[in-house]
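Chains as they are written, first to last, in our numbering: chain A, 661 to 1013; chain B, 661 to 1013.
Glycine included, every Cβ here is placed at the ideal spot set by N, Cα and C.
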DNA sequence: ATGAAAGCGCTAACAT
DNA sequence: ATGTTAGCGCTTTCAT
């Protein structure tokens, strides 16, 4: 790291990147020695004096080991991939942030992929990750089934899935781990709460069609209404995209009904936020005119007004736990069969319902 | 991709990953041929019949090229790194999303690093990226100077920096590109607006100390007050961390003053949101008791209540443009000297001021 | 049109 | 204690 300067840069034609061989030459040792001190190989004892010569040479040349070459040789990349549907959704970034904590602690790198909730991008990301660039994968998949993961697992690349597994992701003896909260139960908690508060006409803004969280949370909605002997009016069920816009549109549609619902369960906080905007825009008030319960408890939930009553998922914990499960597999300390861990949720009552 | 099944997985011991050599053997050709068809090498014409045999073999084995080996050989990774201070801040994720758009269009992968705004993590990420794993870097740096980027640039790894460069990031002849908005001018627009609306006692929630955006925005604040002949009361200047919590604490401190400010400029929307919470908690109303202007125009800015008056930065455009500048360099179509592009900002007036 | 062979930078088994 | 050597899987001359 000595004496870099701008002039340095200007003159020097594209500098050759120093390699281990260069270091070895300068230090007057064999290339293997350099590798030994670099990796603190405990089988080999390098005398302190030689070691220092090598370290000096490394310093002088500004040598950095080439990770690509190292990975090719060791067949380990020390890198984990996290694949999420939407990097601009706080739920997913907080999840990723939780993963980062434990990945860093293990000395691994984390790389992030974004699939935009698009089926072919989900598949494409998996194909990419088959190319030997990561040691393991943590994925929030919306459109995949067990078969999609088989190629990876055959290559011994462990995968942890985040989310409800209504699709046959887990099969007997399938070494695929997952973390999830019980979406059905969580949705029931949300809807029960509304019913207990006296609401009888409850809308649902359900989230993107044909995705597991959507299905599970809608199922919870149906179950709860049935349980309380309430009829389901399908007009009260709106799609959505899990994002603000979907919640806004869904709420507008619900408000156009007559009679309109007195309460709404939105299957994500982002949609709940959009719904609150629509309510305000219509000159109405939450929770007085329409009560709203969300899902996720993202950071802004407590900050908006009215503060959002919602189902907390503890996404940072979800991320941490999924990473731990992944490292269990990488370290060979996981049971052969896939584990399916259920994580806690919690109804957080604030002001919107 | 034929006939994967769970049983398949269970029996088969850790399957050997098929290589080009395996494909070649099965197709009865030399390994080079496989590489030719894989890369559509135009100098070489492979007869359709041979080509098909190879494709069949690839299919049958489920062969995927090993990206690590390919990178080692070609010295290209087809991967771009984006380094951001805080992956849970919408400003940065929308920025990253903009980058992803153009990176994908170029057939590259994007990997994301998170530095938590910590100096040593910023430096560490750069060191990581010196290890030959990416072809280029787009970074939002809070604590780095030109010297930090020299090793990368010497290795011919192009870097685009996002943000105001009060630090000597750009030097004559230094091939480092950057995009930024004029933070000083933007801050002046925000503060002028408040003054024009009659405010005379204006607080500043300034953001993390010793960072360029903080300094620039604070400078704009000072300049504007001076311009209007208003004295600066340093007690009206609060630090913050660019996050909700910092804005909340900053606002509480400001509200404890007497007389308290009638308006506040928060150097990020996240802090503005926190400030609004503090205002509400104190039983006050924005904008009547305290007006608030934010900075960034993140997606929730328009959704909270009161909707946030703020400075829009168009972070998706920032991301796209920085990626384009990077590819200019990768394609050799960039001027030798670093470009320093200023992007537009805009005062967006909503309800909070 | 196809094949043989070198080598990208590194690690690890083996030899000295 | 240190050196020699053989690849990891791929692309790319250069021969044939």
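Within the stretch 936-978 of chain B, note down every full beta strand (DSSP E) run reaching 3 residues or more, in order along the chain.
Correct list: 951-953, 970-972.
So, helix, strand or coil for residue 741 of chain A, using DSSP?
Correct three-state label for residue 741 of chain A: strand.
How about residue 943 of chain A: is its C-beta nearer than 8 Å to some C-beta of chain B?
No, no contact with chain B.
Where does the unbroken alpha helix (DSSP H) through residue 1017 of chain A begin, and where does it stop?
The structure shown has nothing for residue 1017 of chain A, since chain A only spans 661 to 1013.
Are the Cβ atoms of residue 864 of chain A and residue 951 of chain A separated by less than 8 Å?
No.
Should residue 724 of chain A be flagged as near chain B, meaning a C-beta pair shorter than 8 Å?
With 8 Å as the cut-off, residue 724 of chain A counts as an interface residue toward chain B.
Answer with buried or exposed for residue 881 of chain B, where buried requires no fewer than 16 other C-beta atoms within 10 angstroms of its C-beta.
When all chains shown are included, residue 881 of chain B counts as buried.
For residue 908 of chain A, three-class secondary structure by DSSP:
Helix at residue 908 of chain A.
Proximity to residue 946 of chain B [Cα-Cα], best of B:960, B:964, B:956
Nearest in C-alpha terms to residue 946 of chain B, of all of B:960, B:964, B:956, is B:964.
Short Cβ contact (8 Å threshold) for residue 791 of chain B with residue 1004 of chain A
Inclusion of residue 791 of chain B and residue 1004 of chain A in the CB contact set at 8 Å is not warranted, their separation being larger than that value.
Quick check on residue 679 of chain A - is its C-beta less than 8 Å from some C-beta in chain B?
Not an interface residue.
Counting only Cβ-Cβ distances shorter than 8 Å, please list the residues of the stretch 903-916 of chain A near chain B, keeping chain order.
Here the close residues are 904.
Should residue 1013 of chain A go down as buried or exposed, given a rule of 16 or more other Cβ atoms within 10 Å for buried?
With 16 or more Cβ atoms within 10 Å of its Cβ, residue 1013 of chain A is classed as buried.
Residue 690 of chain B, DSSP secondary structure in three states:
It is coil, neither helix nor strand.
Three or more C-beta pairs under 8 Å: does that hold for the stretch 986-999 of chain A against the stretch 689-696 of chain B?
Cβ pair count under 8 Å is below three, so no.
Taking buried to mean at least 16 other C-beta atoms within 10 Å of its own C-beta, is residue 820 of chain B buried or exposed?
Answer is buried; the Cβ neighbour count reaches 16.
I need the DSSP call for residue 842 of chain A, collapsed to helix, strand or coil.
Three-state result, residue 842 of chain A: coil.
By a C-beta neighbour count over all protein chains shown, 10 Å radius and 16 as the cutoff for buried, is residue 858 of chain A buried or exposed?
It counts as exposed.
For residue 717 of chain B, collect the residues of the same chain with a Cβ closer than 6 Å to its Cβ; drop the 5 residues on either side in sequence, then sort them by chain order.
Excluding residues up to 5 positions away in sequence, 683, 686, 687 lie with their Cβ nearer than 6 Å to the Cβ of residue 717 of chain B in the same chain.
Quick one: list the residues of chain B neighbouring residue 969 of chain A, beta-carbon separation under 8 Å, in chain order.
Under the 8 Å cutoff, chain B gives no residues; its nearest Cβ is about 16 Å from residue 969 of chain A.
How is residue 996 of chain A classed by DSSP in three states: helix, strand or coil?
Reduced to three states, the DSSP call for residue 996 of chain A is coil.
Would you mind giving the Cβ-Cβ distance between residue 938 of chain A and residue 932 of chain A, rounded to the nearest angstrom? I have them listed as a contact below 8 Å.
Their Cβ separation, rounded to whole angstroms, is 11 Å, which puts residue 938 of chain A and residue 932 of chain A out of contact at 8 Å.
Within the continuous alpha helix (DSSP H) that includes residue 926 of chain B, where are the two ends?
From DSSP, residue 926 of chain B is part of no alpha helix (DSSP H) but of the beta strand (DSSP E) over 923-926.
Compute the Euclidean distance between the alpha carbons of residue 836 of chain B and residue 793 of chain B, then round it to the nearest angstrom.
Distance between the alpha carbons of residue 836 of chain B and residue 793 of chain B: 19 Å.
Across which residues does DSSP place residue 819 of chain B in a beta bridge pair?
DSSP output for residue 819 of chain B lists B:797 as bridge partner(s).
Span of the alpha helix (DSSP H) around residue 1006 of chain A
Looking at the DSSP string, residue 1006 of chain A is not in any alpha helix (DSSP H); the run it does join, the beta strand (DSSP E), is 1006-1008.
Any beta carbon from chain B within less than 8 Å of residue 871 of chain A's own beta carbon?
Closer than 8 Å: no.
Express the C-alpha separation of residue 779 of chain A and residue 802 of chain A in angstroms, rounding to a whole number.
C-alpha separation (whole angstroms): 8 Å.
Can you check the stretch 692-740 of chain A for any alpha helix (DSSP H) of at least 4 residues that lies completely inside it and give the ranges in chain order?
Qualifying alpha helix (DSSP H) stretches, in chain order: 708-721, 727-734.
Against chain A, does residue 959 of chain B count as a neighbour if the rule is that its beta carbon must be under 8 Å from one of theirs?
Any Cβ of chain A closer than 8 Å to the Cβ of residue 959 of chain B would place that residue at the interface, and such an atom is present.
Under DSSP, the beta strand (DSSP E) around residue 773 of chain B begins and ends at which residues?
That run of the beta strand (DSSP E) goes 769-774.
I'd like to check one pair, residue 967 of chain B with residue 1011 of chain B: are the Cβ atoms closer than 8 Å?
Yes, they are a contact pair.
Among A:770, A:804, A:1008, A:955, the one whose alpha carbon lies nearest that of residue 739 of chain A:
For the residues A:770, A:804, A:1008, A:955, the minimum Cα distance to residue 739 of chain A belongs to A:770.
Taking the Cβ atom as the reference point for each residue, do residue 776 of chain B and residue 746 of chain B lie within a distance shorter than 8 Å?
Judged by beta-carbon spacing, residue 746 of chain B lies within the 8 Å limit of residue 776 of chain B, meaning their Cβ atoms are closer than that value.
In whole angstroms, what separates the C-alpha of residue 977 of chain B from that of residue 762 of chain B?
Going from the Cα of residue 977 of chain B to the Cα of residue 762 of chain B covers about 11 Å.
Residue 786 of chain B - containing alpha helix (DSSP H), residue span:
Where residue 786 of chain B is concerned, the enclosing alpha helix (DSSP H) stretches over 779-789.
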